[in-house]
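Step one of this worksheet: look at the structure below.
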Amino acid sequence: MSDSDEEANEKQIKIVILGDGSSGKTSISERFSKDSFNRDYNQTLGIDYYLKRINLTRSYNVTLAVNDVGGQTLGGAMLDKYIYGADIVLLVYDITNLQSFENLEDWYSTVLKYCAGRKPLFVLVGNKNDLQHLRAVKTEKHHEFAKDRDMLAYFASAKTGESIETIFRQAAAHLMHIVLPKTDTDATPILTATIVRQEPQSAMFDKPLPTPNRTRTSICSLQ
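Per my numbering, the sequence shown starts with residue 1, numbered consecutively.
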């Protein structure tokens, strides 16, 4: 295949990631683009921009332009500029934070308002799936939200990398009407945090104390 043929089979896709602050949008962006995870939370002010070229098939490449939008921009003057021309919108929430899920309706409505006449592909992402023991949003609510709005839906963990690559690859393929190999559509194994339970300190006081060994002594009593 010539260089011109390769360029003809390559497209740039604009992906906008929206959701409340601390839901993990930047962590998802960096896990996908750099395969890295920063444990320290740094608030995104405005927008961060990432580029990554991926192969959807042996003969078809795409460049994903990932726009990580700060959570405080909902209702801001620049949000319409950030969303403009989006091909795919990832709506991200924290599965341990119910409010971040409930606020997605506002994010969704805002995108529809700014993209009138050109609806992008929406993808629902429940992040921090490694914290199942702290889940505050039922999986049924997750799937119901996505189904009612004709969205793709995933659970993911930027910390472990679970499903991150899958989300971007499958969303791009869905947009381009490309059928991925079966290995790309198989579910990614779920990694969860290990919970270590320790016996409460108070329990040690509930255990019977050992009986001391007593030795008999002869005591002479004088009267």
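Using N, Cα and C, we set each Cβ at its ideal position, and we do this for glycine too.
Residue i burial status per 10 Å Cβ neighbour count (16 or more: buried)
i: H142; result: buried
i: G70; result: buried
i: Y93; result: buried
i: L134; result: exposed
i: K207; result: Because K207 sits at a pLDDT of 49, beneath the cut-off of 50, its placement in the model cannot be relied upon, and the following sentence gives the value as read from the coordinates. Looking at its Cβ environment, which holds fewer than 16 other Cβ atoms inside 10 Å, K207 is exposed.
i: M78; result: exposed
Neighbourhood of residue i by C-beta, 7 Å cutoff - its chain only, sequence neighbours within 5 removed
i: A158; result: G24, S27, I28, R31, F37, N127, I164
i: N129; result: I95, F155, A156, S157, E162, I190
i: I167; result: V123, V125, Y154, A156
Cut-off 6 Å between Cβ atoms - residues of its own chain near residue i, not counting five sequence neighbours on either side
i: T139; result: none
i: K52; result: S33, L64
i: K14; result: A65, G85, A86, D87
i: D20; result: G71, S100, N103
Proximity test, Cβ basis, 9 Å: residue i and chain D
i: Q12; result: The displayed structure is made up of one protein chain only, and chain D is not part of it.
C-alpha gap between residue i and residue j, whole angstroms
i: T173; j: Y84; result: Per the sequence shown, the amino acid found at residue 173 is Ala instead of Thr. Looking at the two C-alpha atoms, the distance is approximately 21 Å.
i: K11; j: V62; result: 5 Å
i: D48; j: N67; result: 6 Å
i: P200; j: L131; result: The predicted position of P200 is uncertain, since its pLDDT is 42 and thus under 50; a value taken from the coordinates is nonetheless stated next. Cα to Cα, the separation comes out at about 23 Å.
Boundaries (first-last residue) of the alpha helix (DSSP H) holding residue i
i: L111; result: In the sequence as displayed, the identity of residue 111 is Val instead of Leu. That run of the alpha helix (DSSP H) goes 104 to 114.
i: L74; result: Here L74 belongs to no alpha helix (DSSP H), and DSSP marks it neither H nor E.
Extent of the continuous beta strand (DSSP E) to which residue i belongs
i: I88; result: 88 to 94
i: N127; result: 121 to 127
Minimum length 3: unbroken beta strand (DSSP E) runs contained in the stretch 9 to 71
Look at the stretch 9 to 71 and you find these whole runs of beta strand (DSSP E), each 3 residues long or longer: 10 to 18, 47 to 57, 60 to 69.
Length at least 4, wholly inside the stretch 146 to 185: the alpha helix (DSSP H) runs in chain order:
With a minimum length of 4 residues, the continuous alpha helix (DSSP H) runs that stay inside the stretch 146 to 185 are 164 to 176, 182 to 185.
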